[in-house]
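J.:
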Amino acid sequence: MNRAALILALAATPAFADPDAAALERLVRQDCGSCHGLTLRGGLGPDIRARALGHHDDESLAAVILDGVPGTPMPPWRPLLSEEDAGWIAKYLLNGDHE
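The numbering of the sequence shown is this note's numbering, which starts it at 431 and goes up by one.
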C-alpha cells in the first residue's frame, strides 16, 4: 500500500474503531523509518527502539507523535493520525514489539 492510500485509510477510520494494527505497523516501518532508520535505530531522527524511549510514557510519546518537536525535523502527525492511532504507535514502540 502506498503512503497516500495508507494515510487516507487511517484518516477515514472512525475514532471509535480499533486501530488497524497491520496498517499502523507499516506506517511505523515506512514513515517513521524514513527518518528514524529502517530498523528504527536512528538516522536523521534518533533511535526510537524501546530502550532509547525509556524516559517516555505512552501519553508523552503519543503527544510527540501528534504534535511533533518544534525546532527539529520531527513533524506533527495530528493532521493524519487520530489520538487513538498515536497511542497505539506509542505503546507499540515502548513495548519493543517492532524489535
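We put the CB at the ideal spot given by N, CA and C, even for glycine. Just so you know, these numbers come straight off a predicted model, no measurement behind them.
Span of the alpha helix (DSSP H) holding cysteine 462?
T.: Taking the sequence shown and counting its residues from 1, the one referred to as residue 462 is at position 32. That residue, cysteine 462, is in no alpha helix (DSSP H); it is neither H nor E in DSSP.
J.: Would the beta-carbon of aspartate 488 fall within 8 Å of that of alanine 520?
T.: Sequence index remark: in the sequence shown, residue 488 carries index 58 (1-based). Sequence index remark: in the sequence shown, residue 520 carries index 90 (1-based). Yes, these two residues count as a Cβ contact at 8 Å.
J.: Using the beta-carbon count (16 or more within 10 Å), is phenylalanine 516 buried or exposed?
T.: Here residue 516 corresponds to residue number 86 of the sequence shown, with the count starting at 1. Looking at the sequence itself, residue 516 is alanine, so the reference to phenylalanine does not match. With 16 or more Cβ atoms within 10 Å of its Cβ, alanine 516 is classed as buried.
J.: Round the Cβ separation of leucine 511 and isoleucine 495 to the nearest angstrom and send it over; I've been treating them as touching at under 8 Å.
T.: Counting from 1 along the sequence shown, the entry for residue 511 is found at position 81. Counting from 1 along the sequence shown, the entry for residue 495 is found at position 65. Leucine 511 to isoleucine 495, Cβ: 7 Å. Contact.
J.: Exposed or buried, which one is valine 499 when buried takes at least 16 other CB atoms within 10 Å?
T.: What you label residue 499 is simply residue 69 of the sequence shown in a count that begins at 1. With fewer than 16 other Cβ atoms within 10 Å, it is exposed.
J.: Grouping DSSP H, G and I as helix and E and B as strand, with all else coil, what is serine 490?
T.: Start at 1 with the first residue of the sequence shown, and residue 490 comes out as number 60. The answer is helix: DSSP assigns serine 490 an H, G or I state.
J.: What does the alpha-carbon distance come out to for the pair histidine 466 and arginine 479?
T.: By one-based count along the sequence shown, residue 466 stands at place 36. By one-based count along the sequence shown, residue 479 stands at place 49. Going by the C-alpha atoms only, they are around 10 Å apart.
J.: Locate the alpha helix (DSSP H) running through aspartate 477, then write down its first and last residues.
T.: Looking up residue 477 in the sequence shown gives position 47. That residue, aspartate 477, is in no alpha helix (DSSP H); it is neither H nor E in DSSP.
J.: Relative to the alpha-carbon of serine 490, which residue among Ala452, Leu524, Ser464 has its alpha-carbon at the smallest distance?
T.: Translated into the one-based positions of the sequence shown, residue 490 becomes position 60. The shortest Cα separation from serine 490 among Ala452, Leu524, Ser464 belongs to Leu524.
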